[in-house]
Amino acid sequence: MRKQITYNILNIVTVITVTMFFSCKDSFKQVQKIGISENEPIGEDYNVNLKYTDSGRVTANLISTKSLDYSNRDFPFNEFVDGVTLHVYDKDNNKSTVTADYAIVYSNTDLIEMQNNVVITTHDDKVLKTDQLFYDKSKEWLFTNEPVSFKTETDIINGNGFDSNSKFTNAEVLEVTGIITLED
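In this note's numbering, each residue's number is its place in the sequence shown (first place is 1) plus 310.
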């Protein structure tokens, strides 16, 4: 009889243990968030100077005075609140420069949004100016629906919207509102 009681108690303890084990959720991410508001950045960086390399060659240099890290959110991003300058180098080491007063990099979507006084100057002196521009890193594609001014070798083209690959080989101003032809 005593053996039967011990056996029953052991079964009950086993069932309770297994039930507790499977009823617990993986709460590691929730534990990490304790004491951190979802509205606050998880980190702040000052005087950022990041260099991106490929096979030992610098391909880009990002400079900003302040970066906020919101990787603790369900939709993580990094925010450059005091402006950003990005120098991009092609295979021939030609430098193009992107500046903006504000930028946000969305980690999960490979999308970069730049706002306020966005200026791109390519190595061959093409200049794009707008107040908002998106860059899709995975497709290497630039686009906006905001008013733009695009200076080429021969013209300044104004319009509402812009589409181009990152090399500007197929740049297109959408809804052209005016073209100014430059004299030599």
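Just so you know, even glycine gets a beta-carbon here, dropped at the ideal spot from N, CA and C.
Problem - Backbone CA spacing between ASP422 and GLY469 [nearest angstrom] - result: Locating residue 422 in the sequence shown gives position 112, where the first residue counts as 1. Locating residue 469 in the sequence shown gives position 159, where the first residue counts as 1. In the sequence on display, residue 422 carries Ile and not Asp. If you take the alpha carbons of ILE422 and GLY469, they lie about 22 Å apart.
Exercise for the section: Give a yes or no on contact between the segment 387-396 and the segment 407-420, applying the rule of three or more CB pairs nearer than 8 Å. Expected result: yes
Problem - Cutoff 6 Å; reference TYR445; Cβ partners in own chain excluding five residues on either side - result: Indexing the sequence shown from 1 puts residue 445 at position 135. Excluding residues within five positions, the ones whose Cβ falls inside 6 Å are ILE422 and LEU452.
Practice task
Taking LYS461 and LYS477 to be in contact with their CB atoms under 8 Å, please state how far apart those CB atoms are, rounded to whole angstroms.
Solution key: Here the question's residue 461 lines up with position 151 in the sequence shown. Here the question's residue 477 lines up with position 167 in the sequence shown. Not quite, the Cβ-Cβ distance comes to about 17 Å (not below 8 Å), so this is no contact.
Exercise for the section: Rank TYR399, ASN359, ASN371 and GLU354 by C-alpha distance to the C-alpha of PHE387 and give the top, closest one. Expected result: Within the sequence shown, the letter at position 77 stands for residue 387. Nearest of TYR399, ASN359, ASN371 and GLU354 to PHE387, Cα basis: GLU354.
Handout entry: SER381 versus GLY366, LYS401 and SER417, residue with shortest Cα-Cα distance
Key = Translated into the one-based positions of the sequence shown, residue 381 becomes position 71. Ranking the options by Cα distance to SER381, first place goes to SER417.
Exercise for the section: Put ILE489 into one of helix, strand or coil per three-state DSSP. Expected result: Position 179 of the sequence shown, counting from 1, holds the residue named residue 489. ILE489 falls in the strand class under three-state DSSP.
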